[in-house]
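In terms of our numbering, the sequence shown is residues 88 to 218. Beta carbons: idealized from backbone N, C-alpha and C, even for Gly. Notes to accompany the following structure.
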Amino acid sequence: MSGLVHAHQPIDAQDWEQVEYILVLTLFIMEGKEDEFHFLELFVDLIHRRLLWDRDDENTVWAVAIFADRFPIIHREDGKILWGEPEDALTFSTAPIFWDELYLVDLARRRAARPDRRRAKDGEPYMDHGV
């Protein structure tokens, strides 16, 4: 990737390619080591290390929502985020990083409304791309 990615910069096609690469890398690292790694924590950590996005950068939040089916419930002052399923975020979230992004809220609503969707178990990627 050429140059640094700064906070609050819109994501572009090259960034998405990098996120998809990081997703594959995360799955590769975890293969056979599921009790050593937690998918979501490793995915966010690799995004932070490789793309230099903060763990609470809005691009990181979008990547987690799309690929891990988790949405911000609590956003602490130190930047850490407590993640939850779409239904939980819609019911319990106090995080402006969630509620201020209407498209993110809409994605959570669409995902929560699909009764036939395969829900991601804690620590695994979201693989139902029918949204």
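- Under a 10 Å Cβ-count criterion, D156 is classified as buried, with 16 or more other Cβ atoms of the shown protein chains found around its own Cβ.
- Between R142 and I116, the C-beta gap is not smaller than 8 Å, which leaves the two residues out of contact.
- Using a Cβ distance threshold of 8 Å, I161 and A182 count as a contacting pair.
- Closest option to D102, judged by alpha-carbon separation, among E118, K120 and W140: W140.
- DSSP, reduced to helix, strand and coil, places I98 outside both helices and strands of the structure shown, so it counts as coil.
- Judged by DSSP secondary structure, L139 falls outside any alpha helix (DSSP H); it is assigned neither H nor E.
- Fully enclosed alpha helix (DSSP H) runs of no fewer than 4 residues occupy 173-179, 183-186 and 189-200 of the stretch 170-208, in order along the chain.
- With at least 16 other beta carbons inside 10 angstroms of its own, T113 counts as buried.
- Annotated as proximal: F158 and F185, with beta-carbon spacing under 8 Å.
- Minimum Cα-Cα distance from H135 among the listed residues G166, G119 and L189 corresponds to G166.
- DSSP lists I168 as the beta-bridge partner residues of H162.
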